[in-house]
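Everything on this sheet refers to the single structure shown next.
2 protein chains.
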Amino acid sequence: MTPEEFRKHGHAVVDWIADYRARIESRPVMSQAEPGQVKASLPRHPPEDPEPFEGVLKDLDAVVAPGLSHWQHPRFFGYFPSNGTLGSVLGDYVSTGLGVIGLAWQASPALSEVEEVTTDWLRQMVGLSDAWQGVIQDTASTSTLLALICARERRTDYALSRGGLQGEPRPLVVYTSSYAHSSVDKAALLAGFGRANIRHVACDGRFAMRADALAAAIADDAAAGRVPCAVVATTGTTTTTAIDPVADIARVVAGTGIWLHVDAAMAGSAMVLPECRWMWEGVEGADSVVLNPHKWLGAAFDCTAYYVRDAQHLVRVMSTNPSYLQTAADGVVKNYRDWGIPLGRRFRALKLWFLIREQGVRGLQARLRRDLDNARWFESQVAAAPGWRVLAPVPLQTVCVRHEPPGLAGEALDRHTQSWCDRLNRSGAAYLTPAVLDGRWMVRVSVGAEQTERRHVEQLWTAMQNEVRR
Amino acid sequence: MTPEEFRKHGHAVVDWIADYRARIESRPVMSQAEPGQVKASLPRHPPEDPEPFEGVLKDLDAVVAPGLSHWQHPRFFGYFPSNGTLGSVLGDYVSTGLGVIGLAWQASPALSEVEEVTTDWLRQMVGLSDAWQGVIQDTASTSTLLALICARERRTDYALSRGGLQGEPRPLVVYTSSYAHSSVDKAALLAGFGRANIRHVACDGRFAMRADALAAAIADDAAAGRVPCAVVATTGTTTTTAIDPVADIARVVAGTGIWLHVDAAMAGSAMVLPECRWMWEGVEGADSVVLNPHKWLGAAFDCTAYYVRDAQHLVRVMSTNPSYLQTAADGVVKNYRDWGIPLGRRFRALKLWFLIREQGVRGLQARLRRDLDNARWFESQVAAAPGWRVLAPVPLQTVCVRHEPPGLAGEALDRHTQSWCDRLNRSGAAYLTPAVLDGRWMVRVSVGAEQTERRHVEQLWTAMQNEVRR
């Protein structure tokens, strides 16, 4: 494709996306495709000869769109929001169009330095001190893996330079809460700790980690000759957005050499609001923090911000230095390849830079506050409605609810919950994620898609009330 | 930004990229920015209020462009090519504009199923049997980490479900060649094996792993009570594109339970040409293969294809199944979150799908053959020029050269090499990557940027000859 053809087809793609976003509300939120439907509509073999680009674009309507669940839909209340605001989308368009790769600072200085500046802007926006340095990763899952590997290496004084985990005389142990994200366990397993060395610390009535239970678990392991290595605390758990007491947890680990990682993947965006910063009070006592601008804040996926206090340690664990990557600038610049797993890196900072400039801090704050208001309104409606219950505190924008008809309990209640939620999702009117809380199914309503206004929450609430009556 | 504003600004971004690509040849290939220059031109604090988008776009010219080394430039001969062909770029634009996330099949069925189909197309294109199943990862570095973790878990019969690497009585060992990519050592260290348990097997005169030396190293470790776990063979090493003898290596590990991972990050694209497939003969005896469509083939970065023969094993190692990710379709569809580290996934298949359809298999083959021809032409020129040497076989499109003036040897020769290469890079006329081979610096000339025609290679050769005379 020549640049002139790209100009023509590129305008068509932009128009297609503009139309998609403008009319997204008319689509069913959840895809109504059956398993295998998309696959069946595609050729089994690749084309030998080039196809006209118009045909490729046509398939966006014919094949792709019916197979999408629309995350940018104003009645998307599933999982957590993943807002790709259109200003940020354009930053990503520039990145892909440039096609530069950040193997080293010299391989594109702007890629490194804009990342350094924008992650520092974000640090200021969420109120972290200047003791922190940031880097963009793909996801919080990967960042938590980095954190646990860094914890492992600090605790063992760089066992990787010797026999690795295989050479350690006593097992290292990782602690997290029973409501931590599944990626924490996954990271601990991938990093080699083993399931026997993961502790799920008990939670309080608000589904937050109990610092006293953590202290006891650490003491137990130490007494048994094991080595407490890392704690992952969560600011805004996935199930209920529970807030682990970071300050109390930081006090438990202070001076012990145990690594404290704060998973603020969801709640991190809220820290742009000063009134929310109590949620991670004590975060300065942590060793690493992750937050996802690609969730609620609006950076196009994938854009996770990972912050560390000891960047030198991260680089020592992650760095490689083959001759073909060495350049004269190495001593005086940041080579972000040594801040994560992949060697090649996209110019991801552009989408964060565009987002912050196009919205301004005040614009972002206004939108976050709108969503908090909408969630509180919804919470109050559910709490006041007979037969409905709000099951967990609502510090952020996610409301956990259950419809509990008289006489229904146990597995029958589970069936009722899953059934109305599934019907609602299949109807296309809205998208919600069911989840298990205290052993019983409930439904999470996660407010905060960029296009979601009060009326969409009202429509959802009406649809939910209708659905449980069927 | 409203959809209508996006339409307007999106057209402007497309035009900017079209102009950038059309006129890229007039730019110096390597950025002439000094360390800190880009950073110094940016505000230290984020903007409180929204900025007009026109100002953001202006900074692309004022701040970003001068800080880029242009990977899409026709005289970019550094590292390996990373071609973001414009058809593929548009596939990525659709992905970012849609903003859907592949947490689960249900979260966007098309995201999963188009990935299933396109990775299968690519499998057919490179001549792998249908025993392989593919998934898109960000980079080969990450894929190699997955491979070594999968090796570790197969060898230990899923130690992750017990005490992890910490509970194993005997150390597991990883083997690779002394010219393997730096990401192999890095992956082994991150996976917990430890440097003491990585073997760099000796190479032959063509810089390829010696299968007999591998067999001897494995026997030594086994005799010493260690557990040989994984071999990483490379098809197209980074320094010289050397070709490890995969068939011989596969014979060494056959029936031993040792995992064989083939790193064909670079050469994998060449397998689209039947005449190149001898390079990974024996690959069907491997357990995993990685190749990078985002290198020479032309898929916009990041798009790495990772293939495994036992997908069930990969899923067992990587899967998590929290309630909030469970859906009714789970039993009958692929949930690619269980095929890698990140939970959230972009719709990356679109850029591969667009690439293959826009170019057709024949179009891709023609371009690859053009580059092979250009590299062979360049090799013949260098080989025939007095004072110049070609230092390694040229099976692909990378030529390793040194200018060796009479009387110059040792460190003085190194200084000469680095000096002329550095001058050439700074001049902006072309971009080359120096590297160490057999203990001495040389210069890699990696042909294959999409816009690179014979005349650009001729210009490079003239510039090199002029530069060494200065």
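So the sequence lines, in the order shown, correspond to chains X and U. Quick note: the first sequence uses this note's numbering, first residue 1, plus one each step. Quick note: the second sequence uses this note's numbering, first residue 1, plus one each step. Backbone N, C-alpha and C fix where the C-beta goes; we use that ideal spot for every residue, glycine too.
According to DSSP, which residues form a beta bridge with residue i?
{"i": "residue 134/X", "result": "307/X"}
{"i": "residue 76/U", "result": "431/U"}
{"i": "residue 209/X", "result": "203/X"}
{"i": "residue 464/X", "result": "DSSP, once it has assigned bridges, lists no residue as partnering residue 464/X."}
{"i": "residue 103/U", "result": "None, per the DSSP bridge assignment."}
{"i": "residue 146/U", "result": "According to DSSP, which records beta bridges pairwise, residue 146/U is partnered with nothing at all."}
{"i": "residue 437/U", "result": "440/U"}
{"i": "residue 243/U", "result": "235/U"}
For chain U, is any of its Cβ atoms less than 8 Å away from the one on residue i?
{"i": "residue 313/X", "result": "no"}
{"i": "residue 240/X", "result": "no"}
{"i": "residue 248/X", "result": "no"}
{"i": "residue 81/X", "result": "no"}
{"i": "residue 39/X", "result": "yes"}
{"i": "residue 360/X", "result": "yes"}
{"i": "residue 224/X", "result": "no"}
{"i": "residue 430/X", "result": "no"}
{"i": "residue 466/X", "result": "no"}
{"i": "residue 332/X", "result": "yes"}
{"i": "residue 416/X", "result": "no"}
{"i": "residue 411/X", "result": "no"}
Closer than 6 Å by C-beta to residue i: which residues in its own chain qualify, once you throw out the five before and the five after it? Chain order, please.
{"i": "residue 176/X", "result": "184, 232"}
{"i": "residue 276/X", "result": "270"}
{"i": "residue 248/X", "result": "211"}
{"i": "residue 433/U", "result": "78, 79, 444"}
{"i": "residue 230/U", "result": "148, 151, 174, 259"}
Please check if any C-beta of chain X sits within less than 8 Å of the C-beta of residue i.
{"i": "residue 335/U", "result": "no"}
{"i": "residue 366/U", "result": "no"}
{"i": "residue 191/U", "result": "yes"}
{"i": "residue 186/U", "result": "yes"}
{"i": "residue 139/U", "result": "yes"}
{"i": "residue 134/U", "result": "no"}
{"i": "residue 174/U", "result": "no"}
{"i": "residue 17/U", "result": "yes"}
{"i": "residue 1/U", "result": "yes"}
{"i": "residue 20/U", "result": "yes"}
Starting from residue i and walking both ways along the alpha helix (DSSP H), at which residues does that stretch end?
{"i": "residue 16/U", "result": "3-22"}
{"i": "residue 109/U", "result": "109-125"}
{"i": "residue 254/X", "result": "Counting along the chain, residue 254/X falls outside any alpha helix (DSSP H), and DSSP gives it neither H nor E."}
{"i": "residue 380/U", "result": "349-384"}
Quick check on residue i: does DSSP put it in helix, strand or coil?
{"i": "residue 45/X", "result": "coil"}
{"i": "residue 175/U", "result": "strand"}
{"i": "residue 399/U", "result": "strand"}
{"i": "residue 409/X", "result": "coil"}
{"i": "residue 319/U", "result": "coil"}
{"i": "residue 198/U", "result": "strand"}
{"i": "residue 26/U", "result": "helix"}
{"i": "residue 31/X", "result": "coil"}
{"i": "residue 288/U", "result": "strand"}
{"i": "residue 333/X", "result": "coil"}
{"i": "residue 128/X", "result": "coil"}
{"i": "residue 55/U", "result": "helix"}
{"i": "residue 394/U", "result": "coil"}
Which stretch, first to last residue, makes up the beta strand (DSSP E) that contains residue i?
{"i": "residue 68/U", "result": "Per DSSP, residue 68/U belongs to no beta strand (DSSP E) and is neither H nor E."}
{"i": "residue 260/X", "result": "259-263"}
{"i": "residue 191/X", "result": "Here residue 191/X belongs to no beta strand (DSSP E), and DSSP marks it neither H nor E."}
{"i": "residue 388/U", "result": "388-390"}
{"i": "residue 440/U", "result": "440-446"}
{"i": "residue 229/U", "result": "227-234"}
Give me, in chain order, the residues of the same chain whose beta-carbon lies closer than 8 Å to that of residue i; leave out the 5 immediate sequence neighbours on both sides.
{"i": "residue 511/X", "result": "Outside the shown range of chain X (1 to 470) lies residue 511/X, about which nothing can therefore be said."}
{"i": "residue 16/U", "result": "57, 60"}
{"i": "residue 359/X", "result": "85, 87, 298, 367"}
Suppose the cutoff is 7 Å on Cβ atoms and the five residues either side in sequence are ignored; what does the same chain contact list for residue i look like?
{"i": "residue 430/X", "result": "29, 75, 77, 424, 460, 463"}
{"i": "residue 421/X", "result": "432, 434, 443"}
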